[in-house]
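What follows is a short report on a single structure.
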Amino acid sequence: MKLAPTRRAVLGAALAAAVLAGTGATHATAAGSGVNLTDPHKKEIAMELVSSAENSSLDWKAQYKYIEDIGDGRGYTAGIIGFCSGTGDMLDLVKHYTALKSGNVLAKYLPALEKVNGSASHSGLGTAFVNDWKKAATDPVFQQAQNDERDRVYFNPSVQQAEQDGLRALGQFIYYDAIVMHGPGNDKTSFGGIRATAMKHAKTPAQGGSETTYLNAFLDARKAAMLTEAAHDDTSRVDTEQRVFLKAGNLDLNPPLHWKTYGDSYSINS
Numbered sequence: 008m009k010l011a012p013t014r015r016a017v018l019g020a021a022l023a024a025a026v027l028a029g030t031g032a033t034h035a036t037a038a039g040s041g042v043n044l045t046d047p048h049k050k051e052i053a054m055e056l057v058s059s060a061e062n063s064s065l066d067w068k069a070q071y072k073y074i075e076d077i078g079d080g081r082g083y084t085a086g087i088i089g090f091c092s093g094t095g096d097m098l099d100l101v102k103h104y105t106a107l108k109s110g111n112v113l114a115k116y117l118p119a120l121e122k123v124n125g126s127a128s129h130s131g132l133g134t135a136f137v138n139d140w141k142k143a144a145t146d147p148v149f150q151q152a153q154n155d156e157r158d159r160v161y162f163n164p165s166v167q168q169a170e171q172d173g174l175r176a177l178g179q180f181i182y183y184d185a186i187v188m189h190g191p192g193n194d195k196t197s198f199g200g201i202r203a204t205a206m207k208h209a210k211t212p213a214q215g216g217s218e219t220t221y222l223n224a225f226l227d228a229r230k231a232a233m234l235t236e237a238a239h240d241d242t243s244r245v246d247t248e249q250r251v252f253l254k255a256g257n258l259d260l261n262p263p264l265h266w267k268t269y270g271d272s273y274s275i276n277s
């Protein structure tokens with residue numbers, strides 16, 4: 008799992024304020040109100056929002072080939088969701104790819120990925136692995152494997168938990184973005200720990216609480232978790248993206264959406 012800084016954070020881009028066009032009333036009556044993040048169009052929006060923070064681009068499909076060591080102690084970070092060689096999810100991905108397509112170009116690295124799991128080591132990987140990752144990224148089967156693992160480990164569990172907590176599409180996205188960065192788990196800086204902290208301060212809608220109040224508590228808890236690591240101390244994906252949508256009352260995450268991450272402006276108009 009990627010607990011890494013965003014690519015933009017690594018480049019040291021500055022924070023900036025964002026302005027969201029429209030009002031809560033506009034969003035409440037927009038087409039697609041009440042649709043969950045599992046809706047294909049809403050899911051595409053979620054992928055683009057994450058990519059704006061992770062890759063400084065809305066083109067998330069261009070990230071299948073992405074791979075680099077961003078110096079966070081977790082080895083290589085790669086692919087559409089930041090699979091890491093040091094945290095197990097890259098290993099699981101290559102295992103899944105190999106189950107779908109035996110003899111693929113990455114299968115020979117499985118022993119090395121087993122050995123480096125839990126460390127920042129590149130032993131048995133290196134330039135050859137980086138080149139083969141980029142080669143594999145042109146294979147539709149590997150792209151599907153990345154999609155599958157994204158959904159299995161991150162998207163589906165976070166959206167399901169959000170639904171159980173009574174959250175609409177914005178809250179579902181807020182959960183998803185948190186699990187992408189912080190990973191599943193129950194320690195203070197993992198998704199489960201952040202959620203537990205938020206629930207100490209506000210009731211979820213499923214518990215009879217205000218959705219807006221709870222989501223503000225969750226974002227407060229997430230920001231506090233981010234600030235415990237230098238790699239995460241640029242919190243603009245909370246401050247000038249998610250909080251902007253929440254302040255506008257856009258709980259259904261309906262476009263048009265206008266936001267900034269790490270000083271760059273983005274829009275999704277439909």
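If you're matching positions, the sequence shown starts at 8 in the numbering used here and goes up one per residue.
Glycine included, each C-beta is placed from N, C-alpha and C at the ideal position.
Since the structure is predicted, the reported quantities are computational estimates derived from the model, not experimental observations.
Measure how close the beta-carbons of residue i and residue j come, nearest whole angstrom, since I'm counting them as under 8 Å.
{"i": "Tyr-73", "j": "Asn-62", "result": "7 Å"}
{"i": "Ile-52", "j": "Arg-157", "result": "So it is not a contact: roughly 15 Å between Cβ atoms."}
{"i": "Val-148", "j": "Tyr-104", "result": "7 Å"}
{"i": "Gly-199", "j": "Pro-191", "result": "7 Å"}
{"i": "Gly-82", "j": "His-129", "result": "7 Å"}
{"i": "Ser-92", "j": "Leu-117", "result": "The pair is not a contact, with the Cβ atoms about 12 Å apart (cut-off 8 Å)."}
{"i": "Leu-100", "j": "Asn-124", "result": "About 12 Å; that fails the 8 Å criterion."}
{"i": "Arg-175", "j": "Leu-258", "result": "5 Å"}
{"i": "Ala-203", "j": "Tyr-182", "result": "The Cβ separation is near 13 Å, so there is no contact."}
{"i": "Arg-229", "j": "Ile-186", "result": "That pair is no contact at about 10 Å."}
{"i": "Ala-60", "j": "Leu-107", "result": "Rounded, the Cβ-Cβ distance is 29 Å, inconsistent with contact."}
{"i": "Leu-253", "j": "Thr-219", "result": "7 Å"}
{"i": "Ile-275", "j": "Glu-75", "result": "Ile-275 to Glu-75, Cβ: 27 Å. No contact."}
{"i": "Gly-80", "j": "Ala-127", "result": "5 Å"}
In the DSSP assignment, what are the bridge partners of residue i?
{"i": "Ala-85", "result": "Ile-74, Phe-90"}
{"i": "Tyr-273", "result": "Trp-266"}
Does residue i pass the burial test, meaning 16 or more other C-beta atoms within 10 Å, or should it be called exposed?
{"i": "Thr-30", "result": "Model confidence at Thr-30 stands at a pLDDT of 29, short of 50, so the residue's coordinates are unreliable and nothing is read from them."}
{"i": "Asp-172", "result": "buried"}
{"i": "Lys-267", "result": "buried"}
{"i": "Asp-66", "result": "exposed"}
{"i": "Gly-178", "result": "buried"}
{"i": "Asp-194", "result": "exposed"}
{"i": "Leu-120", "result": "buried"}
{"i": "Ser-217", "result": "exposed"}
{"i": "Lys-50", "result": "buried"}
{"i": "Glu-248", "result": "buried"}
{"i": "Ala-32", "result": "Low confidence applies to Ala-32: its pLDDT is 32, below 50, so where it sits in the model is not reliable, and the reading given next is rough at best. It is exposed - the Cβ of Ala-32 has fewer than 16 other Cβ atoms within 10 Å."}
{"i": "Ser-277", "result": "exposed"}
{"i": "Gly-89", "result": "buried"}
{"i": "Leu-234", "result": "exposed"}
{"i": "Ala-69", "result": "exposed"}
{"i": "Tyr-273", "result": "buried"}
{"i": "His-208", "result": "exposed"}
{"i": "His-189", "result": "buried"}
{"i": "Asn-261", "result": "buried"}
{"i": "His-239", "result": "buried"}
{"i": "Thr-84", "result": "buried"}
{"i": "Gln-214", "result": "exposed"}
{"i": "Thr-134", "result": "exposed"}
{"i": "Ala-232", "result": "buried"}
{"i": "Ala-237", "result": "exposed"}
{"i": "Ser-109", "result": "exposed"}
{"i": "Val-251", "result": "buried"}
{"i": "Ala-38", "result": "Note that Ala-38 has pLDDT 36, beneath the 50 cutoff, so the model's placement of it is unreliable and the number below is only indicative. So Ala-38 counts as exposed."}
Can you tell me where the alpha helix (DSSP H) holding residue i begins and where it ends?
{"i": "Ser-58", "result": "47 to 62"}
{"i": "Ser-217", "result": "From DSSP, Ser-217 is part of no alpha helix (DSSP H); its letter is neither H nor E."}
{"i": "His-103", "result": "96 to 107"}
{"i": "Arg-157", "result": "Looking at the DSSP string, Arg-157 is not in any alpha helix (DSSP H), and its letter there is neither H nor E."}
{"i": "Ala-237", "result": "Per DSSP, Ala-237 belongs to no alpha helix (DSSP H) and is neither H nor E."}
{"i": "His-189", "result": "176 to 189"}
{"i": "Ser-165", "result": "163 to 171"}
{"i": "Gly-133", "result": "133 to 143"}
{"i": "Pro-118", "result": "117 to 123"}
{"i": "Thr-204", "result": "198 to 208"}
{"i": "Val-251", "result": "250 to 254"}
Return yes when at least one heavy atom of the ligand SAM lies under 8 Å from the C-beta of residue i, else no.
{"i": "Arg-175", "result": "Inclusion of the ligand SAM in the displayed structure is not the case, the ligand content being empty and no account of it being possible."}
Would you call the stretch 131 to 148 and the stretch 220 to 230 in contact, with 3 or more CB pairs under 8 Å?
no
Using a Cβ distance threshold of 8 Å, determine whether the stretch 226 to 246 contacts the stretch 256 to 274, with at least three qualifying pairs required.
Verdict: yes, contact present.
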